[in-house]
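Trainee: Have a look at this one before I ask anything.
Okay, here's the thing in structure tokens:
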């Protein structure tokens with residue numbers, strides 16, 4: 006049996022408490038599986054005295070996470086505070102500088118400063134592991150970085166924010182509009198303090214940025230992603246999509262194109278009967294496609310004490326076993342800038358609009374679509390009692406630039422009562 | 006950059022050829038990701054001259070896989086011959102004795118001789134890795150042994166034989182009987198040379214035996230599993246199950262009970278809308294449940310050149326990075342005998358029978374079921390024109406012993422036209 010692996014844990018919220026519970030409850034299992042005792046030397050959090058329902062009196066206390074990160078009796082700094090800057094960044098940098106390995110659940114920190122942190126970690130010959138940062142308990146970082154190491158990755162997809170998936174499936178199941186379900190979620194405490202992180206697609210975008218880097222060997226670059234949230238999705242969209250055999254998901258999609266990487270986190274229509282379409286409630290799902298493996302799908306809880314702490318412990322056990330590898334799959338000096346693709350891969354689109362109820366309105370729309378090179382697969386005009394007529398169009402595959410031009414042309418016809426909605430249909 | 010990792014590959018069937026293709030095509034990617042060049046020193050197969058559509062002239066040839074395993078220029082022996090004994094066993098033992106790491110896709114070998122091989126490997130300080138042996142491209146061995154290392158595993162489930170899943174879904178989709186679909190599969194070359202390995206549940210049982218050991222820290226013991234194939238599943242069972250919202254799957258299930266481990270590979274009814282119920286065609290799915298993670302589901306291709314070779318390469322890359330851990334999760338000396346559970350966890354059952362069409366027959370069956378402590382959830386008697394009446398019963402949860410007693414009592418009533426069919430309904 007080797008020397009113990011000693012942890013310093015910064016952040017005692019839901020996940021931190023979960024990690025403490027596992028280390029305490031499963032000590033025998035962890036040491037049998039890793040050949041080392043896994044111990045906690047010290048902890049740090051905002052308030053020392055809060056009752057968290059877990060014993061912390063055996064551990065040294067640090068008010069300052071930076072001091073925790075530098076302690077001589079800490080081998081692995083476990084960062085569970087969150088936030089892309091401030092104390093979490095300072096403490097992570099301090100840990101690296103002090104030669105400690107880092108295990109983190111902080112996707113925002115890595116999405117914003119991943120390249121610099123990876124370079125610092127390699128210079129200090131330490132590891133940064135972040136399985137818990139992406140899709141909670143789903144072992145997607147390990148699957149992508151290790152199991153699929155023999156593959157050229159062709160596409161990464163996923164539902165990576167459980168709250169958004171809960172909102173969209175709740176809207177569908179109960180026939181409720183977005184505002185009502187959003188209010189329910191606020192009441193239930195499902196949303197981040199700044200809900201835009203969830204419903205604006207930012208949190209999910211941070212996760213996608215990390216997957217893109219690991220999948221394609223590019224520098225982490227959150228700014229290269231197209232991010233769009235679910236705030237504009239209406240119950241009408243959900244119901245019409247459902248009528249046509251689709252579900253609407255906040256979907257991350259990344260693939261290599263001829264020029265650059267096309268990476269988007271945005272609402273998409275997916276077939277109702279596909280694994281992604283069938284994902285209900287607050288679950289997460291990650292889909293990897295590679296030149297050898299074809300497609301592999303991973304499904305599980307994307308958040309919560311147990312699942313996220315499980316992921317943290319998986320990383321800790323790997324470090325206890327001495328497993329090390331580059332943070333984003335290849336040495337940070339070999340990561341290339343992830344040039345943003347000039348255009349997305351062509352895809353069919355769902356479009357919804359309100360037409361002025363005048364003779365020839367529909368013909369005008371059909372004409373400008375045709376002129377823009379957008380060909381129509383299906384079109385429906387719904388019965389109505391108001392002065393405007395709801396119209397739904399599903400296009401054949403179209404270049405995103407052509408679609409943008411078509412939407413502009415449609416708006417210039419003067420027959421639209423409001424700006425049309427266009428949602429990509431992703432082939433899964 | 007370290008020294009190259011040199012492979013010796015025994016077996017140039019579908020998977021072996023797939024491994025050669027990846028090593029040749031993705032050389033740059035593999036060395037970027039592992040920091041080492043991955044090369045092939047020598048290969049071995051039954052016939053040297055067969056055209057396999059892949060270049061082998063650069064590699065030394067060995068007629069004898071044992072000689073290949075012992076070569077000085079081989080670091081990792083890659084065993085892709087198959088078979089639980091004979092050359093694959095001899096060559097694997099020779100590789101271990103010669104101090105080589107082993108990567109294998111051979112579940113039969115490990116299911117039969119896993120404990121002895123693990124002990125030999127630990128004594129020689131080498132690794133045996135077998136991701137490709139269980140569920141093809143799905144990274145389930147890594148997920149269970151590494152990602153979930155912080156969990157006490159509570160249940161393992163899975164569809165692990167794509168051919169059986171293809172047969173069952175083809176029967177359902179086309180309304181064909183078992184014999185017809187079996188004949189189709191023979192014609193298409195989907196079946197093993199000895200088809201009992203597939204349809205008898207043996208191949209899937211080998212895989213389950215490995216997962217059980219890794220999940221519960223027990224010695225690999227294929228003999229402790231209950232194995233039942235799909236040969237007796239009729240189109241009637243499939244249609245009736247479907248009517249009630251279920252699908253029939255050849256499902257592996259393993260869980261700890263109060264006394265011993267309950268591990269079965271057998272046809273089960275699962276809810277049609279669950280991920281397992283929705284798995285169609287030749288795909289595989291593995292479900293893990295742990296005390297922290299809750300449930301995680303992995304889905305992918307369970308066989309085929311690309312997916313299986315991808316799993317082999319994942320293991321090779323781990324070895325190139327120097328990652329090592331005990332073969333079945335904990336040191337082989339700590340693995341305990343996997344006592345077979347005295348009884349399975351209670352479950353509802355689906356039962357189908359033909360009753361003699363006489364007054365009082367149904368009452369007799371209901372009475373003996375009640376006497377045996379089996380309570381009925383749903384019962385249907387179908388219209389019929391023959392002398393016997395088809396009856397279908399879904400029970401409430403029942404101990405398997407009680408069910409066996411009930412079936413015996415039913416048979417002794419004299420009102421059954423043939424032995425009843427009973428299939429477990431697994432809660433997923």
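Residue numbers (the numbering used here), protein chains in the order written: chain A, 6 to 433; chain B, 6 to 433. Idealized CB from N, CA, C, for every residue including glycine.
1. Taking only the alpha-carbon atoms, compute the straight-line gap between residue 127/A and residue 336/A and give it to the nearest angstrom.
2. Looking only at C-alpha atoms, which of 60/B, 218/B, 231/B and 260/B sits nearest to residue 205/B?
3. What does the Cβ neighbour count give for residue 3/A, buried or exposed, with the cut at 16 atoms within 10 Å?
4. Could you check where the beta strand (DSSP E) with residue 170/B kicks off and where it finishes?
5. Measuring CB to CB, does residue 454/B end up less than 8 Å from residue 155/A?
6. Please list the segments of the alpha helix (DSSP H) lying wholly inside the segment 232 to 299 of chain B, counting only runs of 4 or more residues, in order along the chain.
7. For residue 323/A, which residues in chain B fall below 7 Å Cβ to Cβ?
8. Would you call the segment 82 to 90 of chain B and the segment 108 to 121 of chain B touching, i.e. three or more CB-CB distances under 8 Å?
9. At least one CB of chain A closer than 8 Å to the CB of residue 254/B: is that the case?
10. Less than 8 Å between the C-beta atoms of residue 4/B and residue 287/B, yes or no?
11. Using a C-beta cutoff of 8 Å, does residue 67/A count as contacting chain B?
12. By the 10 Å Cβ neighbour count, where 16 or more other Cβ atoms means buried, how is residue 401/B classified, buried or exposed?
13. Under DSSP, the alpha helix (DSSP H) around residue 413/B begins and ends at which residues?
14. First and last residue of the alpha helix (DSSP H) that includes residue 93/B?
15. In terms of residue numbering, what span does the alpha helix (DSSP H) encompassing residue 323/A cover?
16. For residue 8/A, count the other beta carbons within 10 Å of its own beta carbon; 16 or more makes it buried, fewer makes it exposed. Which is it?
17. At 8 Å on the CB atoms, spell out the chain A contacts of residue 314/B, in chain order.
18. So which residues on chain B does residue 147/A lean against when the C-beta distance must stay under 9 Å?
19. Please go through the same chain and pick out, in chain order, the residues whose beta-carbon is closer than 6 Å to the beta-carbon of residue 124/B, but skip the five residues on each side of it.
20. Can you tell which of 32/A, 77/A and 265/A has its C-alpha closest to the C-alpha of residue 46/A?
21. At least one CB of chain A closer than 8 Å to the CB of residue 204/B: is that the case?
22. Three or more C-beta pairs closer than 8 Å, one from the segment 364 to 375 of chain A and one from the segment 332 to 352 of chain A: is that the case here?
23. Look up residue 55/B in the DSSP assignment and say whether it is helix, strand or coil.
24. Could you say which of 408/B, 414/B and 420/B lies nearest to residue 427/B if we only look at CA atoms?
25. Specify, as a first and last residue, the run of the alpha helix (DSSP H) that residue 208/B falls within.
26. Where does residue 220/A land, buried or exposed, given buried means 16+ other C-beta within 10 angstroms?
27. DSSP three-state call for residue 345/B: helix, strand or coil?
28. Any beta carbon from chain A within less than 8 Å of residue 304/B's own beta carbon?
29. Mind listing the chain A neighbours of residue 110/B? Cutoff is C-beta to C-beta under 9 Å, in chain order.
30. Measure how close the beta-carbons of residue 359/A and residue 411/A come, nearest whole angstrom, since I'm counting them as under 8 Å.
31. Just curious, the alpha helix (DSSP H) that residue 376/A is in, first and last residue?
32. Compute the distance between the beta-carbons of residue 99/B and residue 59/B, then report whether it is under 8 Å.
33. If we count the other Cβ atoms within 10 Å of its Cβ and call it buried at 16 or more, is residue 151/B buried or exposed?
34. Using a C-beta cutoff of 8 Å, does residue 318/A count as contacting chain B?
35. For the segment 168 to 199 of chain A, enumerate the residues whose C-beta is nearer than 8 Å to any C-beta of chain B, in chain order.
36. Hey, is residue 57/A's beta-carbon within less than 8 Å of any beta-carbon in chain B?
Mentor: Here's the rundown:
1. So the alpha carbons of these two residues sit roughly 8 Å apart.
2. In this structure, 231/B is the residue among 60/B, 218/B, 231/B and 260/B with its C-alpha nearest to the C-alpha of residue 205/B.
3. Outside the displayed span of chain A (6 to 433) sits residue 3/A, for which this structure offers no information.
4. Taken as a continuous stretch (DSSP letters only), residue 170/B belongs to no beta strand (DSSP E), being part of the alpha helix (DSSP H) at 167 to 179.
5. Nothing can be reported for residue 454/B: it is not among the residues displayed for chain B, which extend from 6 to 433.
6. The segment 232 to 299 of chain B is shown to contain whole alpha helix (DSSP H) runs of 4 or more residues at 240 to 248, in chain order.
7. Residues of chain B passing the Cβ test: 151.
8. Segments in contact, yes.
9. False, the Cβ-Cβ gap to chain A never drops below 8 Å.
10. With chain B covering 6 to 433 only, the question about residue 4/B has no answer from this structure.
11. In terms of beta-carbon proximity, residue 67/A stays away from the interface with chain B, with every pair separated by 8 Å or more.
12. Residue 401/B comes out exposed.
13. 405 to 416 is the extent of the alpha helix (DSSP H) around residue 413/B.
14. Run containing residue 93/B: 92 to 102, per the alpha helix (DSSP H) assignment.
15. 310 to 325 is the extent of the alpha helix (DSSP H) around residue 323/A.
16. In the assembly as shown, residue 8/A is an exposed residue. Its beta-carbon has fewer than 16 other beta-carbons within 10 Å.
17. Neighbours of residue 314/B across chain A, judged by C-beta separation under 8 Å: 155 and 297.
18. In chain order, 144, 147, 148, 151 and 152 make up the part of chain B whose C-beta sits under 9 Å from the C-beta of residue 147/A.
19. Annotation for residue 124/B: 337 place their beta carbon closer than 6 Å to its own, counting only its chain and skipping 5 residues before and after.
20. It is 77/A.
21. No, no contact with chain A.
22. No contact exists between the segment 364 to 375 of chain A and the segment 332 to 352 of chain A.
23. In the three-state DSSP reduction, residue 55/B falls in the coil class, being neither helix nor strand.
24. Ranked by Cα distance from residue 427/B, the first of 408/B, 414/B and 420/B is 408/B.
25. Residue 208/B -> alpha helix (DSSP H) spans 207 to 221.
26. Looking at its Cβ environment, which holds 16 or more other Cβ atoms inside 10 Å, residue 220/A is buried.
27. Note: residue 345/B maps to strand in three-state DSSP.
28. Output row for residue 304/B: interface = yes.
29. Those do not exist, as residue 110/B stays about 14 Å from chain A at its closest Cβ, beyond 9 Å.
30. Actually they are not in contact, since the Cβ atoms of residue 359/A and residue 411/A sit about 17 Å apart, beyond 8 Å.
31. Run containing residue 376/A: 366 to 376, per the alpha helix (DSSP H) assignment.
32. Taking a C-beta distance under 8 Å as the contact criterion, residue 99/B and residue 59/B do not qualify as a contact pair.
33. It is buried - the Cβ of residue 151/B has at least 16 other Cβ atoms within 10 Å.
34. Cβ-Cβ to chain B under 8 Å: yes for residue 318/A.
35. From the segment 168 to 199 of chain A, no residue has a Cβ closer than 8 Å to chain B.
36. For residue 57/A, the answer is no, since every Cβ of chain B falls outside 8 Å of its Cβ.
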